[in-house]
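Q: Here's a structure for you.
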Amino acid sequence: MTRLVLFDFDGTLVDSAPNLALAANRQRERRGLPPLPYEAYRPHASHGARGLLKVALDMDSSHPEYDKTRQQFLDDYAGDMTSRTSLFPGIAELLDALDAEGLAWGIVTNKLSYLALPLIEHLGLAGRTRVIVGGDTTGYSKPHPEPLQYAARTAGFACEASLYIGDDERDIIAGKAAGMPTIAATYGYCDPASAAQWQADCIASRPIDLHPAIRRFA
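Everything in the sequence shown is counted per full-length UniProt numbering, starting at 1 for the first residue and increasing by one.
Next up, the structure:
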């Protein structure tokens, strides 16, 4: 029986793509390039700086200016993370329902802690979560299972009594490797057709679908 529900953050609980796109376009602006439309960035929002800089500048980690540009992107994002970011519709109600049912929940994200924690606080979630694990909390990031295993240990639950929900294939890989049931959230940034190939235990195509999906394992 699941007693701990763990969530990815960006693209699962939170629609952060608008502010991430702003930071990505700032890198184009710095180079005298016109902004790209928001729709170009949204499918890559769960991939962090790596995915967004690839879209914005066709720049990957092999580029000699990648590290400098990545840090500038992160600095720009840190300067404006909240103006256009919110919980997905229905997520607040879901978390209220989990609290009412006595199910502990937490957040495991690849977002660096210095970015994740202020945003989690801003959204009013910090005082409610049983555990928060950032991309630099354990020295590993998903798809490695250690962030999920660490979250379960810290919250006082066995992995087999925990559940992981995410919107990227690496979330499902990590959850399976940690021995947790998994739910793929396809309402955020991922391609639903691709998500169908991840072999998650369940797929939630809308936030409202998450609660009955969680109840299958709780």
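Beta carbons: idealized from backbone N, C-alpha and C, even for Gly.
Verify whether the separation of the beta carbon atoms of residue 55 and residue 63 is less than 8 Å.
A: Against a cut-off of 8 Å, the Cβ pair of residue 63 and residue 55 comes out as no contact.
Q: Give me, in chain order, the residues of the same chain whose beta-carbon lies closer than 8 Å to that of residue 149; leave out the 5 immediate sequence neighbours on both sides.
A: These residues qualify, in order along the chain: 159 and 178.
Q: Going along the chain, which residues of its own chain have a beta-carbon closer than 6 Å to the beta-carbon of residue 202, five neighbours each way excluded?
A: Cβ within range, chain order: 183 and 213.
Q: Exposed or buried, residue 27, counting other C-beta atoms within 10 Å across all chains shown (16 or more means buried)?
A: Buried, by the Cβ-count rule.
Q: For residue 74, would you say it is in contact with chain B, using Cβ-to-Cβ distances shorter than 8 Å as the test?
A: The chain labelled as chain B is not found in the depicted structure, where only one protein chain is given.
Q: So what does DSSP say about residue 131, is it helix, strand or coil?
A: Of the three classes helix, strand and coil, the one that applies to residue 131 here is coil, per DSSP.
Q: For residue 7, write down the residues that DSSP places opposite it in a beta bridge.
A: Paired residues: 107 and 165.
Q: Can you round the beta-carbon distance between residue 69 and residue 59 to whole angstroms, since I take them to be within the 8 Å contact cut?
A: About 6 Å; that satisfies the 8 Å criterion.
Q: What's the call for residue 246, buried or exposed, on a 16-neighbour Cβ count within 10 Å?
A: Nothing about residue 246 can be reported from this structure: the residues present for the chain run from 1 to 218 only.
Q: Under DSSP, the beta strand (DSSP E) around residue 183 begins and ends at which residues?
A: Taken as a continuous stretch (DSSP letters only), the beta strand (DSSP E) holding residue 183 covers 182-185.
Q: Between the Cα of residue 84 and the Cα atoms of 111, 92 and 19, which residue gives the shortest distance?
A: Answer by Cα proximity: 19.
Q: By Cβ distance below 8 Å, which residues in the same chain neighbour residue 136 in space, the five residues on each side in sequence not counted?
A: Excluding sequence neighbours, residue 136 sits near 112 and 113.
Q: DSSP has residue 115 in a bridge; who is on the other side?
A: None; residue 115 has no bridge partner.
Q: Is it the case that the segment 84-95 contacts the segment 30-38, given that we only count it when at least three CB pairs across the two stretches are under 8 Å?
A: With a cut-off of 8 Å, the segment 84-95 and the segment 30-38 do not count as touching, because too few Cβ pairs lie within range.
Q: Tell me which residues share the same chain as residue 15 and place their Cβ nearer than 8 Å to its Cβ, disregarding the 5 neighbours each side in the sequence.
A: So the list reads 85, 86, 87, 88 and 188, once near-sequence residues are dropped.
Q: Using 8 Å for Cβ pairs, my map puts residue 42 next to residue 17. What's the rounded Cβ distance?
A: About 5 Å; that satisfies the 8 Å criterion.
Q: Only counting runs of 4 or more residues, tell me where the alpha helix (DSSP H) segments fall wholly within the segment 21-65, in order along the chain.
A: Listed in chain order, they are 38-41 and 48-57.
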